[in-house]
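If you're matching them up, the sequences are chains A and B in order.
Counting in the numbering used here, the first sequence runs from 1 upward without gaps.
Counting in the numbering used here, the second sequence runs from 111 upward without gaps.
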Amino acid sequence: QKEVEQDPGPLSVPEGAIVSLNCTYSNSAFQYFMWYRQYSRKGPELLMYTYSSGNKEDGRFTAQVDKSSKYISLFIRDSQPSDSATYLCAMSADTDKLIFGTGTRLQVFP
Amino acid sequence: ETGVTQTPRHLVMGMTNKKSLKCEQHLGHNAMYWYKQSAKKPLELMFVYSLEERVENNSVPSRFSPECPNSSHLFLHLHTLQPEDSALYLCASSQDQGVNQPQHFGDGTRLSIL
């Protein structure tokens, strides 16, 4: 079993839709959770960072962590074509090593 | 110039060639990383440097040789690579080594092995 599972997509939605991106994980020691966005031909950029459980909101983006279910989500409200990218989840225990998901490709069409 | 800069952006090389990838960060960070990104696979951490000392070598074949001459520069020297080494190689930096330190990525070098 992979440590981090992420549906590769592609996920195709119309502009204005609410998007839900998810990752599941197997290591209960994970407590640092991140979401990165990667545009085509670009490196990943950090979108959201959360520690332990709970929600975090930043503009149109909301990150949720449910440690009891070993499940994290990224919600994008009022999605825009400029949100079209690959979204990578990443997480870590109290070590220094980040474990990444394979990424979900999102396409928002006008 | 700001952020993390990687050169070249694209590299095509034969299996017997020797080449180097370069990474430069202008963020004043103390930790630098090399990652490999292959299609449909998670990012794989290759090497970690903190204050110019290698602190992690993630079971990477010896045909990949990193070098960190100072805290702003990181190189990945390549020799006698295999076709399966074709991938996007990403450099990242963070203020210090640690998972509570966000990593800033460059745009990568797309490497193709003939």
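Every residue gets a Cβ at the ideal spot worked out from N, C-alpha and C, and that includes glycine.
State the Cα-Cα distance for the pair Leu74 of chain A and Gln64 of chain A, rounded to the nearest angstrom.
Rounded to the nearest angstrom, the two C-alpha atoms are 6 Å apart.
Give me the Cα-Cα distance between His189 of chain B and Lys56 of chain A, rounded to the nearest whole angstrom.
So the alpha carbons of these two residues sit roughly 45 Å apart.
With respect to the beta strand (DSSP E) encompassing Leu188 of chain B, which residues constitute its N-terminal and C-terminal limits?
Element bounds for Leu188 of chain B: 183 to 189.
Please check if any C-beta of chain A sits within less than 8 Å of the C-beta of Asp217 of chain B.
By this cut-off, Asp217 of chain B is an interface position.
Measure from the C-beta of Leu153 of chain B to each C-beta in chain A and report whether the shortest distance is under 8 Å.
At least one C-beta of chain A is nearer than 8 Å to the C-beta of Leu153 of chain B.
Can you check whether the C-beta of Asn167 of chain B is within less than 8 Å of a C-beta belonging to chain A?
Not closer than 8 Å to any Cβ of chain A, the Cβ of Asn167 of chain B fails to qualify, so no.
From the beta carbon of Leu97 of chain A, is the nearest beta carbon of chain B less than 8 Å away?
Correcting the residue identity first, residue 97 of chain A is Lys in this sequence and not Leu. Against chain B, the CB of Lys97 of chain A has a partner CB under 8 Å away; the residue lies at that interface.
Selection of the stretch 115 to 133 of chain B by Cβ proximity to chain A, strictly under 9 Å
Among the residues of the stretch 115 to 133 of chain B, those with a Cβ less than 9 Å away from any Cβ of chain A are Gln116, Arg119, in the order of the chain.
Kindly indicate which three-state DSSP category Glu15 of chain A falls into: helix, strand or coil?
Annotated three-state conformation of Glu15 of chain A is coil, per DSSP.
If you measure from the beta carbon of Arg41 of chain A to each beta carbon in chain B, is any gap under 8 Å?
Yes, because at least one Cβ of chain B sits closer than 8 Å to the Cβ of Arg41 of chain A.
Given that a residue counts as buried once 16 or more other Cβ atoms are within 10 Å of its Cβ, and exposed if not, what is His136 of chain B?
Around the beta carbon of His136 of chain B, a 10 Å sphere encloses fewer than 16 other beta carbons of the protein chains shown; the residue is thus reported as exposed.
What residues in the stretch 44 to 57 of chain A bring their beta carbon closer than 8 Å to a beta carbon of chain B?
Here the close residues are Pro44, Glu45, Leu46, Tyr49, Tyr51.
How do the stretch 77 to 87 of chain A and the stretch 182 to 199 of chain B stand: do at least 3 beta-carbon pairs fall below 8 Å, yes or no?
Using a Cβ-Cβ distance cut-off of 8 Å, the stretch 77 to 87 of chain A and the stretch 182 to 199 of chain B are not in contact, since fewer than three pairs of beta carbons, one from each stretch, lie closer than that value.
Residue nearest to Thr225 of chain B in terms of C-alpha spacing, selected from B:Leu224, B:His214, B:Asn168, B:Ser222
Given a span of 111 to 224 for chain B in the structure shown, any question on residue 225 of chain B remains unanswerable.
Hey, quick one: how far does the beta strand (DSSP E) through Tyr71 of chain A stretch, first residue to last?
Here the beta strand (DSSP E) through Tyr71 of chain A covers 71 to 76.
So the candidates are A:Ala90, A:Arg77, A:Ala93; which of them puts its Cα closest to the Cα of Ile18 of chain A?
The candidate whose alpha carbon is nearest that of Ile18 of chain A is A:Arg77.
Enclosing beta strand (DSSP E) for His136 of chain B [first to last residue]
Unbroken run through His136 of chain B: none, as it is neither H nor E.
C-beta atoms of Gly103 of chain A and Gln38 of chain A nearer than 8 Å
In terms of Cβ geometry, Gly103 of chain A and Gln38 of chain A form a close pair [threshold 8 Å].
Which residue marks the beginning of the beta strand (DSSP E) containing Arg37 of chain A, and which one marks its end?
Run containing Arg37 of chain A: 32 to 38, per the beta strand (DSSP E) assignment.
How big is the Cα-Cα spacing for Glu45 of chain A and Tyr36 of chain A?
Straight-line Cα distance between these residues: approximately 5 Å.
Any C-beta of chain A sitting closer than 8 Å to the C-beta of Leu110 of chain B?
For chain B, the structure presents residues 111 to 224; residue 110 of chain B sits outside this window and is missing.
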